[in-house]
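Residue numbers (the numbering used here): 340 to 882.
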């Protein structure tokens, strides 16, 4: 009801639009805006009012901005705002006042003359109940594959509406209008010119751990580093680590004293694991007065997307492993990039990165095994010329582990010393059941007895790009499949070659190891250890 008259006005504007002087349409646009205010349907009234205000602002060339003097502020503090208005048309416009979202109104009554910039400064108070800046879909812990959003009105919005904004109260041709602008931070760079960032509300303190997973292969303590970042000047308090029962942290608390906002201070703690195998999480906590802070402030800063800050609970996984090892020295040839080397170092392996361009028999001396990073045969152009060196290393008693490669775009078909054909077979269900095809095989028994329990807690998938055809020298060890699909037997293949062993695996160790999945570590240790004579003994864990 009432929409027909609005439609007639806007149709006339569209049909006769003056591209050289769009401000001539302001009277009709203002009439349409006034008619929209009398609509009974609140949904359409809100939507069309916003659209008309945007059009009016564009047709007058009206520039309105509220910029803060810093990128962020914490609760219960005051920031300085610069309010700026510029009328690029000859339409009579008066800036009567600005109303801040903290409730304060600044009366000005400034006529905005054509192309005359008007600006003034005011203060904005960040109240104690202002929500922190973070994507609305990450503020609550979600479920598997689903975010949790309590406010249904937010669902579908590309970003969280700002809680810090300014309403510019104007009169245009004697028609009162209010245009809302969120507060921003404006700065410049010599090579890029003027740039903008959102103005964010941040905690007084945020924390960060130096690793998301800490693996303990024995009962020896490890040092962890906590970084505390100040969200305000003169931050004083203490920092400690919340941890599961059975674990110990030294010292319990350390003093935090940071003089300047956005500066950081690092603290080292010693973590002593329990005797038995267990998993848990630890959380650094900063105490300032009666308030505690335990979130990590993550900055997402890329040139092709808007700058964003994300607040997430800061926690790391603790894993005390029941694991035995053979061999010590591992060579790693990086492929497309993964975190497997760092994961192997966490359980005590000495991992050296091998440059495939400089690969020689001498460079492999002293190594117990060579591991190929994910998709190495897809991304390393020169790898074919080095295959004989690697196979010779295996024949003399070394182990070679090749992680997944895609079956298209291989830089050599000679990825194994025997016939091996890759396919697109994969198992996407991380909980898919696993059947042992050769349960007595050394790789499934020495030095760690692999059971179905070792395939619990896997993340995202079981594996991908399994071989589907191989020579008789290979022994398939596992059978697994997604629901409704045929069994896939190529996820883990082992073949003796001379005195050593060649292993091809499409299992997603590159996902499981960085996530601290105990069974994945035990199985990978077995692959590195197969055929070795001496076991690196770890203290026997209690039952």
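All residues carry an ideal CB built from backbone N, CA and C; glycine is no exception.
Residues bridged to residue i [DSSP beta-bridge criterion]
i	result
residue 738	708, 840
residue 635	651
residue 621	655
residue 462	419
residue 606	565
residue 616	DSSP, once it has assigned bridges, lists no residue as partnering residue 616.
residue 525	535
residue 587	611
residue 407	420, 524
residue 469	Answer is none; residue 469 lacks a bridge partner.
residue 690	669
residue 806	761
residue 350	DSSP, once it has assigned bridges, lists no residue as partnering residue 350.
residue 678	Residue 678 is not bridged to any residue.
residue 577	594, 626
residue 453	426
Buried or exposed by the 16-neighbour rule on C-beta atoms within 10 Å, applied to residue i
i	result
residue 358	exposed
residue 498	exposed
residue 871	buried
residue 747	exposed
residue 864	buried
residue 496	exposed
residue 364	buried
residue 393	exposed
residue 399	buried
residue 387	buried
residue 828	buried
residue 876	No answer about residue 876 holds up, because its pLDDT of 43 lies below 50 and its placement is not dependable.
residue 843	buried
residue 356	exposed
residue 537	buried
residue 640	exposed
residue 765	buried
residue 494	exposed
Beta-carbon spacing of residue i, residue j below 7 angstroms
i	j	result
residue 684	residue 787	no
residue 506	residue 519	yes
residue 739	residue 709	yes
residue 620	residue 591	no
residue 611	residue 587	yes
residue 569	residue 597	yes
residue 599	residue 558	no
residue 421	residue 447	no
residue 767	residue 800	yes
residue 846	residue 802	yes
residue 672	residue 703	no
residue 807	residue 772	no
residue 825	residue 774	no
residue 302	residue 523	Given that the chain is displayed from residue 340 to residue 882, the structure contains no residue 302 and the question cannot be resolved.
residue 902	residue 869	No information on residue 902 is available, as it lies outside the stretch 340 to 882 that the chain covers here.
residue 411	residue 541	yes
residue 815	residue 678	no
residue 346	residue 378	no
Close-in-space but distant-in-sequence residues of the same chain around residue i (CB under 7 angstroms, 5 per side omitted)
i	result
residue 688	667, 669
residue 650	471, 473, 634, 636
residue 873	Since pLDDT at residue 873 reaches only 48, below the 50 mark, its modelled position is unreliable, and no value is offered.
residue 837	733, 734, 735
residue 638	648
residue 882	Here the model assigns residue 882 a pLDDT of 38, short of 50, so the residue's position is not dependable, and the following value carries that caveat. Same-chain partners within the cutoff: there are none.
6 angstroms CB neighbourhood of residue i in its chain, flanking five on each side removed
i	result
residue 417	462, 464
residue 753	726
residue 797	769, 851, 856
residue 314	In the structure displayed, the chain extends from 340 to 882; residue 314 sits before or after that span and is not available.
residue 501	521
residue 674	712, 713, 714, 715, 718
residue 789	783, 862
Whole-Å CB distance - residue i paired with residue j, under 8 angstroms assumed
i	j	result
residue 563	residue 548	6 angstroms
residue 554	residue 660	6 angstroms
residue 751	residue 804	That belief does not hold up - the Cβ atoms of residue 751 and residue 804 are roughly 16 angstroms apart, past 8 angstroms.
residue 434	residue 457	7 angstroms
residue 593	residue 577	7 angstroms
residue 401	residue 370	With a Cβ gap of about 18 angstroms, residue 401 and residue 370 do not count as contacting.
residue 552	residue 658	7 angstroms
residue 756	residue 728	With 8 angstroms as the limit, residue 756 and residue 728 do not qualify as a contact, their Cβ atoms being about 12 angstroms apart.
7 angstroms Cβ cutoff, residue i in contact with chain B
i	result
residue 844	Although the question refers to chain B, the structure presented lacks it and comprises just one protein chain.
Own chain partners of residue i with C-beta closer than 8 angstroms, once the 5 adjacent residues on each side are dropped
i	result
residue 372	388, 391, 392, 395, 514, 516
residue 707	665, 666, 667, 668, 669, 737, 738, 867, 871
residue 616	659, 660, 661, 857, 880
residue 344	374
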